[in-house]
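Presented below is the structure to which this report refers.
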Amino acid sequence: MSACCDSLPTPSPLKTVEQALALLLEQARPLGDTETLPLDRALGRVLATPIHSRVDVAPWDNSAMDGYAVRIADLGETGATLPVSQRIPAGAPGGPLAAGTAARIFTGAPLPEGADAVVMQEVCERQGDRVRIGERPRPGANIRRRGEDIRSGERVLEAGTRLLPQQLGLAASVGVAEVEVVRRLRVALFASGDELAMPGSDLGPGQIYNSNQFTLGGLLQALGCEVQALGIVEDTLEATTAALERAAAGADLVLASGGVSVGEEDHVKPAVERLGRLDLWRIAVRPGKPLAFGHIGETPFIGSPGNPVSLFVTFCLFARPFIRRMQGVSGPLDPLRVPARAAFAWPKAVKRREYARARLGLDDRGEAWIELYPSRSSAVLSSVVWAGGLAEIPEGCTFERGERILFLPFEGLLA
Ligand code: AMP
Ligand code: MG
1 MSACCDSLPT PSPLKTVEQA LALLLEQARP LGDTETLPLD RALGRVLATP IHSRVDVAPW
61 DNSAMDGYAV RIADLGETGA TLPVSQRIPA GAPGGPLAAG TAARIFTGAP LPEGADAVVM
121 QEVCERQGDR VRIGERPRPG ANIRRRGEDI RSGERVLEAG TRLLPQQLGL AASVGVAEVE
181 VVRRLRVALF ASGDELAMPG SDLGPGQIYN SNQFTLGGLL QALGCEVQAL GIVEDTLEAT
241 TAALERAAAG ADLVLASGGV SVGEEDHVKP AVERLGRLDL WRIAVRPGKP LAFGHIGETP
301 FIGSPGNPVS LFVTFCLFAR PFIRRMQGVS GPLDPLRVPA RAAFAWPKAV KRREYARARL
361 GLDDRGEAWI ELYPSRSSAV LSSVVWAGGL AEIPEGCTFE RGERILFLPF EGLLA
């Protein structure tokens, strides 16, 4: 713990972000079911079995440059003038290189047998059917060797890898056309609250629009989940219980927004307890704090606070890594954290770690500064739209303007 945290008055009874995340990830069971897909439908999916190369890459010795393939023994200290005996474009293997001649060759074309270097065209001068080679190259110059990048049979991608465009390209480059991936995670979600109305309808007295369904749905789709949205659920124990049962029936995971506090109108806890088991954690995080985690039968359940910003941050910090593990991702799940200067001071230490809506701005020297959204309210979704990420402000810390803190770009939190 850093020195600045030692001054906290009493040990906090809340769970730290790390404790909550560890508890959650302990319970994330990767899906076992897989499917085989052609590469062009596998973007964003997670490999269930590793990929091995079917070929050497490069498959044969080839030229790294446009130039002339030569036998070094034919050249003096400053090169030589040689007849051009053949022309070898990419995709057209030539014959063996006759001694005392050069072959015109292009990038990626197979090296002719007998050649031991390629001289780039910039140091050569063509003279009709002859060429002046302007240097004596080192052996192997400008040659890409067979198997230099990848050996046939080598494992190029591990199980548990997410397939981004570059992974798809790599699989294709080793001759693989289909991949076995984990099937899509099915996630059912609903939003609790008697005050909620669907966008597109008119608001009645006391009503607000159900935005969380769409934020959550989008977050889930961005992670490649199949989303089943069950809509708005009344604030009663019966309706909440029925919604949970329905949600769990067809899904691998159930997410709910709202109703996870312990007020009279919050029915998620007793409803989940009727159907299975539930932990309601209080986490030392802001926005956020309460997070419900449990099981309805065998189906895991995560309930987030209804405040739109709390929901967003809670999803990024906790639900996202849980989902990634269920999807079979095996590597580290920590979001990218980039150090940058705070464009604000933090004079008063807080007990709960703060994830403040922030974005990066550049000063005239090109240095990145973290700017904060002016309001800390967890009800203003426009702040998340304004932001480019979250500034992580550790519990118990104070700092001056200009000190370096960590910035978590949304790119790392939403992927
Ligand atoms: P709750 O967690 O149910 O106590 O809700 C906390 C706050 O979030 C209240 O102001 C709710 O009106 C608001 N809220 C709850 N659910 C939603 C939702 N689906 N969309 C937008 N705001 C919501
Ligand atoms: Mg509510």
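Just so you know, the working numbering puts 148 at position 148 of the sequence shown, and the rest follows in order with no gaps. All C-beta atoms in this analysis are idealised placements derived from N, C-alpha and C, irrespective of residue type, glycine included. In this text, all values refer to a predicted model and were calculated from it rather than measured experimentally.
Sheet register partners of A22 (DSSP bridge): Mapped onto the sequence shown, residue 22 falls at position 22. According to DSSP, A22 bridges with nothing at all.
Do G67 and E135 count as a contact pair if the criterion is CB distance below 7 Å? Start at 1 with the first residue of the sequence shown, and residue 135 comes out as number 135. Start at 1 with the first residue of the sequence shown, and residue 67 comes out as number 67. Contact: no.
Which residues in the same chain as W60 place their Cβ atom closer than 7 Å to its Cβ, once the five residues preceding and following it in sequence are excluded? Within the sequence shown, numbered from 1, the residue matching residue 60 stands at position 60. Result list for W60: P110 and R146, in chain order.
To which residues does DSSP link F293 through a beta bridge? In the sequence shown, the residue the question calls residue 293 occupies position 293. Answer by DSSP bridge pairing, in chain order: D279 and I302.
Any heavy atom of ligand 2 within a distance shorter than 6 Å of the CB on G193? As a position in the sequence shown, residue 193 is number 193, starting the count at 1. Correct: G193 has its Cβ closer than 6 Å to ligand 2.
For C4, the three-state DSSP class (helix, strand or coil): Counting from one through the sequence shown, the residue named residue 4 turns up at place 4. With a pLDDT of 48 at C4, under the threshold of 50, the modelled position of this residue cannot be trusted; read the value that follows with caution. Helix at C4.
Just checking G288 against ligand 2 - is the residue's beta carbon closer than 6 Å to any of the ligand's heavy atoms? Counting from one through the sequence shown, the residue named residue 288 turns up at place 288. No, since every heavy atom of ligand 2 falls outside the 6 Å radius drawn around the Cβ of G288.
Mind checking whether I88 and L157 have CB atoms under 7 Å apart? Locating residue 88 in the sequence shown gives position 88, where the first residue counts as 1. Locating residue 157 in the sequence shown gives position 157, where the first residue counts as 1. Taking 7 Å as the Cβ cut-off, I88 and L157 do not qualify as a contacting pair.
To which residues of the same chain is F190 closer than 7 Å at the C-beta, ignoring the five residues directly before and after it? Numbered from its first residue, the sequence shown carries residue 190 at position 190. Hits under 7 Å: L230, G231, V233, A243, A247 and A256.
So which of R144, L82, L14 and E154 has the shortest CA-CA distance to S63? Taking the first residue of the sequence shown as position 1, residue 63 is located at position 63. Taking only the C-alpha atoms, the option nearest S63 is R144.
Taking the beta strand (DSSP E) that Q419 falls in, what are its first and last residues? The question about residue 419 has no answer here: the residues shown for the chain are numbered 1 through 415.
Which residues does DSSP pair with V131 in a beta bridge? Looking up residue 131 in the sequence shown gives position 131. Note: V131 sits in a beta bridge opposite L82 and R126.
For I143, the residue or residues it bridges with in DSSP: Position 143 of the sequence shown, counted from the first residue, corresponds to residue 143. S63, per the DSSP bridge assignment.
C-beta contact flag for L381 and P308 at 7 Å: Taking the sequence shown and counting its residues from 1, the one referred to as residue 381 is at position 381. Taking the sequence shown and counting its residues from 1, the one referred to as residue 308 is at position 308. Contact: yes.
Smallest Cα separation from L97: which of D235, G175, G91 and D74? The count along the sequence shown starts at 1 and reaches residue 97 at position 97. Among D235, G175, G91 and D74, the Cα nearest to that of L97 is on D74.
In angstroms, rounded to a whole number, what distance separates the CA positions of L372 and K348? On the sequence shown, residue 372 is found 372 positions in, with the first residue counted as 1. On the sequence shown, residue 348 is found 348 positions in, with the first residue counted as 1. Going by the C-alpha atoms only, they are around 16 Å apart.
Answer yes or no: the CB of G258 versus the heavy atoms of ligand 2, is any distance below 6 Å? For the purposes of this step, residue 258 is taken as residue 258 along the sequence shown, with counting starting at 1. Yes, since a heavy atom of ligand 2 falls inside the 6 Å radius drawn around the Cβ of G258.
Look at the alpha carbon of S12 and the alpha carbon of E26, and state the distance between them as a whole number of angstroms. One-based indexing of the sequence shown puts residue 12 at position 12. One-based indexing of the sequence shown puts residue 26 at position 26. Because the pLDDT of S12 is 46, which lies under 50, any placement of that residue in the model is unreliable, and the question is left without a value.
State buried or exposed for L216, treating a residue as buried only when at least 16 other CB atoms are found within 10 Å of its CB. Locating residue 216 in the sequence shown gives position 216, counting from the first residue. Answer is buried; the Cβ neighbour count reaches 16.
Cα-Cα, which of Q207, A102, G396 and L185 is closest to A28? Here the question's residue 28 lines up with position 28 in the sequence shown. It is L185 whose Cα lies nearest to the Cα of A28.
Exposed or buried, what is M198 when buried is set at 16 or more other beta-carbons lying within 10 Å of its beta-carbon? Counting from 1 along the sequence shown, the entry for residue 198 is found at position 198. M198 should be labelled exposed.
Check P11 in the structure and name its three-state DSSP category. On the sequence shown, position 11 is the one that residue 11 refers to. Annotation note: pLDDT 49 at P11 (below 50); position unreliable, coordinate value reported separately. Coil.
Mind checking whether L237 and P270 have CB atoms under 7 Å apart? The count along the sequence shown starts at 1 and reaches residue 237 at position 237. The count along the sequence shown starts at 1 and reaches residue 270 at position 270. Yes, these two residues count as a Cβ contact at 7 Å.
By alpha-carbon positions, which one of G402, D334, A319 and G288 ends up nearest to Y355? For the purposes of this step, residue 355 is taken as the residue at position 355 of the sequence shown. Closest option to Y355, Cα to Cα, is G288.
Within 7 Å of any Cβ in chain C, is that where the Cβ of T16 sits? Among the chains in the structure shown there is no chain C, since it carries only a single protein chain.
Neighbourhood of G402 by C-beta distance below 6 Å, restricted to the same chain and skipping five residues each side: Indexing the sequence shown from 1 puts residue 402 at position 402. Excluding sequence neighbours, G402 sits near R341.
Would the C-beta of P305 count as close to ligand 1, meaning under 6 Å from any of its heavy atoms? For this step, residue 305 is matched to residue 305 along the sequence shown. P305: yes, Cβ under 6 Å from ligand 1.
Compute every distance between the C-beta of P205 and the non-hydrogen atoms of ligand 1, then say whether any falls below 6 Å. The count along the sequence shown starts at 1 and reaches residue 205 at position 205. False, no ligand heavy atom lies under 6 Å from that Cβ.
Along the chain, where does the alpha helix (DSSP H) containing V313 start, and where does it finish? For the purposes of this step, residue 313 is taken as residue 313 along the sequence shown, with counting starting at 1. Its alpha helix (DSSP H) spans residues P308 to T314.
Excluding the 5 residues preceding and the 5 following F407 in the sequence, name in chain order all residues of the same chain whose CB lies nearer than 6 Å to its CB. Position 407 of the sequence shown holds residue 407. These residues qualify, in order along the chain: V338, A340, I370, G389 and A391.
Within a Cβ cutoff of 8 Å, which residues of the same chain sit near R353, ignoring the five residues on either side of it in sequence? Here residue 353 refers to the residue found at position 353 of the sequence shown. The residues are T16, V17, A284, V285, R286, E392, I393, P394 and E395.
Would a C-beta distance cut-off of 7 Å place V254 and T314 closer than the cut-off? One-based indexing of the sequence shown puts residue 254 at position 254. One-based indexing of the sequence shown puts residue 314 at position 314. No, the Cβ-Cβ distance between V254 and T314 is not below 7 Å.
Enumerate in chain order the residues of its own chain whose CB-to-CB distance from D56 is below 8 Å, with the five nearest sequence positions on each side excluded. To locate residue 56, count along the sequence shown from 1; it is residue 56. The residues are R146, G147, I150, R151 and S152.
Which residues in the same chain as S85 place their Cβ atom closer than 8 Å to its Cβ, once the five residues preceding and following it in sequence are excluded? Counting from one through the sequence shown, the residue named residue 85 turns up at place 85. L97, A98, T101, A102 and A103.
Using alpha carbons as the reference points, say which of G276, Q207 and V260 lies closest to L311. Counting from one through the sequence shown, the residue named residue 311 turns up at place 311. Of G276, Q207 and V260, the residue nearest in Cα terms is V260.
Report the option in R359, G128, A319 and I405 whose CA atom is closest to the CA atom of S383. Within the sequence shown, residue 383 is the residue found at index 383, counting from 1. The option with the nearest alpha carbon to S383 is R359.
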